[in-house]
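Colleague: Listed in order, the protein sequences are those of chains A and B. Position 28 of the first sequence, counting from 1, maps to 28 under my numbering, and the rest follow consecutively. Position 90 of the second sequence, counting from 1, maps to 1090 under my numbering, and the rest follow consecutively.
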Amino acid sequence: MVNGVQFSTLFQQIINGLSLGSVYALIAVGYSLVYSILSFSNFAHGGFLVVGGYICYGLLMGKGFNIWIASLGALVGAGFVAALTERLAYKPIRERTSMTLYLLIASMGVSIVIENLFVIVVGGRFRALPQNTFPSALFSLGGNVTVSAFDIFSLVIAVTFLGGLQLFLSRTRWGLAIRAAACDLRTAGLMGVNVSLLIAIVFFVAGLLAAVGGIFLSVRYTLYPQLGGITTKAFVAAVIGGLGSLPGAVVGSLILGLAEMLTAGFISSQMRDLVVFSMLVIMLLVKPAGFFGKQIGDKI
Amino acid sequence: MRKSLLGNAAFVALGLVLAFMPLSGYEEGIVALLCINCIAAMGVSLLTGFTGIFSLGHAAYMALGAYTAAIMTVRYGVHWLPAIVAGGIIAVLVAWLIGMPTLRLTGDYYAIASIGLGEAIRLILENWQSFTRGARGFPGIDSYTNRAVSVGFFTVLGIGMFNLIYSRLGRELKASRDDRVAASLMGFHTPASRMKALLISAFYCGIAGALLGGYMNFIQPSMFDMMKSTELTAVVVFGGLGSMSGTLLGSAAITSVMEYFRDISQYRMLIYGLLLVVIMVLRPEGLLGDRELWAFVPSLRGGVKRSEAREGGEGR
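1) Shortest alpha-carbon distance to L197/A belongs to which of C183/A, I178/A and I55/A?
2) Taking Cβ-Cβ distances shorter than 8 Å, what residues in chain A pair up with F1054/B?
3) Measuring CB to CB, does A1234/B end up less than 8 Å from L1276/B?
4) Does F235/A have its Cβ less than 8 Å from a Cβ in chain B?
5) Consider the Cβ of A249/A: report whether some Cβ of chain B lies at a distance smaller than 8 Å.
6) Using only alpha-carbon positions, find the residue among G1286/B, R1291/B, A1208/B and Q1220/B that is nearest to C1035/B.
7) Between F153/A and chain C, is any beta-carbon pair separated by less than 8 Å?
8) Quick check on this structure: which residue in S154/A, F43/A and K63/A has the alpha carbon closest to the alpha carbon of A89/A?
9) In chain A, which residues lie less than 8 Å from M1280/B when you measure between Cβ atoms?
10) What does S41/A reach in chain B if we use C-beta pairs closer than 8 Å?
11) Which class does T231/A belong to by DSSP, given the choice of helix, strand or coil?
12) Below 8 Å on the Cβ atoms is my contact criterion, and I expect A1069/B with G1214/B to pass it. Report the Cβ-Cβ distance as a whole number of Å.
13) Quick check on the DSSP output: what are the complete alpha helix (DSSP H) runs of length 4 or more inside the segment 35 to 89 of chain A, in order along the chain?
14) With a 10 Å radius around its C-beta and 16 neighbouring C-beta atoms as the bar for buried, classify D184/A as buried or exposed.
15) Relative to the alpha-carbon of V1092/B, which residue among G1007/B, I1200/B and S1222/B has its alpha-carbon at the smallest distance?
16) Flag S1004/B as yes if its beta-carbon sits less than 8 Å from any beta-carbon of chain A, otherwise no.
17) Return the bridge partner residues of V147/A from the DSSP annotation.
18) Touching or not, the segment 12 to 22 of chain A and the segment 261 to 271 of chain A, by the rule of three or more beta carbon pairs under 8 Å?
19) Identify which residue in V1094/B, G1240/B and L1185/B has its Cα closest to the Cα of G1057/B.
20) May I have the straight-line CA-CA distance separating I215/A from E1119/B, to the nearest angstrom?
21) So the candidates are Q6/A, V276/A and L243/A; which of them puts its Cα closest to the Cα of I37/A?
22) So what does DSSP say about E1314/B, is it helix, strand or coil?
23) Using a Cβ cut-off of 8 Å, pull out every chain B residue sitting near Q270/A, in sequence order please.
24) Tell me, please, whether the CB atom of S310/A is closer than 8 Å to any CB atom in chain B?
25) Looking at chain B, is there any beta carbon in it that lies within less than 8 Å of the beta carbon of I112/A?
26) To the nearest angstrom, how far is it from the Cα of I114/A to the Cα of F1238/B?
27) Given that T1230/B touches chain A, what residues does it touch there, using C-beta distances under 7 Å?
28) Applying a beta-carbon distance threshold of less than 9 Å, which residues of chain A neighbour E1028/B?
29) Taking DSSP's pairing of strands, which residues face F1138/B in a bridge?
30) Any Cβ of chain B within less than 8 Å of the Cβ of L38/A?
31) Decide yes or no for the touch test of the segment 277 to 288 of chain A against the segment 1126 to 1144 of chain B: beta carbon pairs closer than 8 Å, at least 3 of them.
32) What does the alpha-carbon distance come out to for the pair P92/A and T85/A?
33) What did DSSP end up calling L243/A once you bin it into helix, strand or coil?
34) Can you check which of these residues, T97/A, L10/A, G77/A and A28/A, is closest to G241/A by C-alpha distance?
35) Counting only Cβ pairs nearer than 8 Å, list the residues of chain A close to P1101/B.
36) Give the residues from the segment 1175 to 1198 of chain B that approach chain A closer than 9 Å (Cβ to any Cβ), ordered along the chain.
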């Protein structure tokens, strides 16, 4: 019997882990996309997620739109905020210096600004999207294993968006340009790619994906200005998978989601974060380039 | 030699002024806090500005110093002075353990690893209930950090730091920052000097943390989160990478701005965030660039302007 219980916990946590991991993947992919072009860690990425969450909440509760329109608004809104952030904060820095540290610190500033704007404007309290927003029925899969429709739903949507991104990158002209820019931004510019527009598009896409993640996270947990802090885990996932690599970000996110949920199920849920950060450090020590990253040695 | 003698004398004078200037109780508190922040900032400046290693986890060393000093004084009744020093030493030991494997990472990778390590240390402090009292914090620390103590530590450590950056080790660090390969070819053992920089910076942060504990009478793991680490690095960048006096100015400026806006605490963090962005956009090289304060005084400037000599190093 003990084994049966253990097995069903295992199965349960694997499903939860995949679902959580798929949400991380949405965030990590956007972060990694930006990294692949500009090679800096955009710490404001969590802010885009919060913007998406609040726009969705506002349209849904305040204006009474249905969830699809509200989500669409959130996606586009967060995309615009991301592109605007790039234009106002990062572009002037990019044009002046090639030191990515300045971008990194500016992005932390942006993240603090976004978080505190929401604290001031809408208040710091926790908000929940209504329960019936998304399918939330529970199915039983025999034994003690139950699956929430929401978990499956978020997994499906995440896969859809990631697939869409893959198509965009592999089949369109702009996708080709982005892949070229990831190889070498300067050369791509010399070959006639409009670099400014390209970077704006990359940020728009990153913000849009972050908003999808933000909506799911605000249903799974609740919505509050500091929700963006969870992106740290998506960064970890991106690093584990290999910075700048999109398949890496997805694989890293799934590994992280599983590790987190299995730790919560079998050890203790307080240890989850510790496990996440230990994985990061171990990965960096063993294979700093991650599973799929470009091999980085010292730049000589 | 004359120059550094003059510098030392100036620093002692600064310390004496800070220590004996007549001030109200509130202002004394600010001076103490200022000194604490400057000590931590000097540590991070050595690592970031002078060695070119970007850390986003240095708050963890402050946390180690703070908890060591707090536990030693409260639980074991140790005198505050050895407890503060022990706080610095524990930070150094942990930094050594961490630095051994991670210092081979460079650039963003070290920064990300340091986030992970910093958060891991914070989470350990938070979850080790029996020893640290966990997330609710550690109350009842004696207020051993008065103005005299923190100014004293600041003066001693400041003189140490300024002499260090003009010493052989200081030049070695700058060489390995500007071009690691060339520095290695010149015969410097760059991994060892990077390690020394990390250990010294951890020591400064540990001391600052221990002093902070005595200043606040209360510490909590969440005081030393990633936000605090960011602030440490941001202060250094604001002051100017590679300028120790700039670091002190930057730290003093940020501390005063934050104090000034204490009444409108709601907007405080917003202003701080905007400040970071605006500084990066308008003056990414920071207040003083990579020059020291006295490089702006013509009679003290010796020959070549260093900023010209370093022009090529921008593209790291």
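Glycine is no exception: its CB is placed at the ideal position from the N, C-alpha and C atoms.
Modeller: In short, the structure shows the following:
1) Taking the first sequence and counting its residues from 1, the one referred to as residue 197/A is at position 197. Cα-wise, what sits closest to L197/A is I178/A.
2) Numbered from its first residue, the second sequence carries residue 1054/B at position 54. What F1054/B touches in chain A: L101 and L104.
3) As a position in the second sequence, residue 1234/B is number 234, starting the count at 1. As a position in the second sequence, residue 1276/B is number 276, starting the count at 1. For A1234/B and L1276/B, yes; Cβs fall inside 8 Å.
4) Taking the first sequence and counting its residues from 1, the one referred to as residue 235/A is at position 235. F235/A counts as touching chain B.
5) Numbered from 1 along the first sequence, position 249 holds the residue referred to as residue 249/A. No, its Cβ sits nowhere closer than 8 Å to a Cβ of chain B.
6) Residue 1035/B sits at position 35 when you count from the first residue of the second sequence. C1035/B has its Cα closest to that of A1208/B, out of G1286/B, R1291/B, A1208/B and Q1220/B.
7) Structure shown: chain C not included; protein chains present are A and B.
8) Along the first sequence, read from residue 1 onward, the residue named residue 89/A stands at position 89. Per the Cα distances, F43/A.
9) To locate residue 1280/B, count along the second sequence from 1; it is residue 280. By Cβ distance, chain A contributes A89, I93, Y102, L103, I105, A106 and G109.
10) As a position in the first sequence, residue 41/A is number 41, starting the count at 1. Those within 8 Å of S41/A in chain B are D1108, A1111 and I1112.
11) For the purposes of this step, residue 231/A is taken as the residue at position 231 of the first sequence. If DSSP states are grouped into helix, strand and coil, T231/A belongs with the helices.
12) As a first step, residue 1069/B must be located in the second sequence, where it is residue number 69. As a first step, residue 1214/B must be located in the second sequence, where it is residue number 214. In this structure A1069/B touches G1214/B by the C-beta definition: roughly 7 Å separates them, less than 8 Å.
13) 45 to 57 and 67 to 85
14) Counted from its first residue, the first sequence places residue 184/A at position 184. Under this definition D184/A is an exposed residue.
15) Along the second sequence, one-based indexing puts residue 1092/B at 92. For V1092/B, the nearest C-alpha among the options comes from I1200/B.
16) Position 4 of the second sequence, counted from the first residue, corresponds to residue 1004/B. Cβ-Cβ to chain A under 8 Å: no for S1004/B.
17) Residue numbering aside, residue 147/A sits at position 147 when the first sequence is read from its first letter. Looking at the DSSP assignment, V147/A forms a beta bridge with F139/A.
18) Yes, the segment 12 to 22 of chain A is in contact with the segment 261 to 271 of chain A.
19) Residue numbering aside, residue 1057/B sits at position 57 when the second sequence is read from its first letter. Measuring from the Cα of G1057/B, the nearest candidate turns out to be V1094/B.
20) Counting from 1 along the first sequence, the entry for residue 215/A is found at position 215. Counting from 1 along the second sequence, the entry for residue 1119/B is found at position 119. Using only the alpha carbons, I get a separation of about 26 Å.
21) On the first sequence, residue 37/A is found 37 positions in, with the first residue counted as 1. Its Cα nearest to that of I37/A, the residue L243/A stands out among Q6/A, V276/A and L243/A.
22) As a working mapping, residue 1314/B is identified with position 314 in the second sequence. Because E1314/B sits at a pLDDT of 38, beneath the cut-off of 50, its placement in the model cannot be relied upon, and the following sentence gives the value as read from the coordinates. Helix.
23) In the first sequence, counting from the first residue as 1, residue 270/A sits at position 270. One finds N1127 in chain B with Cβ atoms closer than 8 Å to the Cβ of Q270/A, taken in chain order.
24) Residue 310/A is absent from the model: chain A starts at 1 and stops at 300.
25) Along the first sequence, read from residue 1 onward, the residue named residue 112/A stands at position 112. At least one chain B Cβ lies under 8 Å of I112/A.
26) Start at 1 with the first residue of the first sequence, and residue 114/A comes out as number 114. Start at 1 with the first residue of the second sequence, and residue 1238/B comes out as number 238. Looking at the two C-alpha atoms, the distance is approximately 21 Å.
27) Here residue 1230/B refers to the residue found at position 230 of the second sequence. In chain order: M108.
28) Taking the second sequence and counting its residues from 1, the one referred to as residue 1028/B is at position 28. Ordered by position in chain A, no residue passes the 9 Å Cβ test against E1028/B, which lies about 29 Å from the chain.
29) Translated into positions along the second sequence, residue 1138/B becomes position 138. F1138/B pairs with I1219/B.
30) In the first sequence, counting from the first residue as 1, residue 38/A sits at position 38. No, L38/A lies away from the interface with chain B (no Cβ there is under 8 Å from its Cβ).
31) no
32) On the first sequence, position 92 is the one that residue 92/A refers to. On the first sequence, position 85 is the one that residue 85/A refers to. Looking at the two C-alpha atoms, the distance is approximately 11 Å.
33) On the first sequence, residue 243/A is found 243 positions in, with the first residue counted as 1. Of the three classes helix, strand and coil, the one that applies to L243/A here is coil, per DSSP.
34) Residue mapping note: residue 241/A aligns to position 241 of the first sequence, counting from 1. Per the Cα distances, A28/A.
35) Residue 1101/B sits at position 101 when you count from the first residue of the second sequence. Chain A residues near P1101/B: L285.
36) R1180 and V1181
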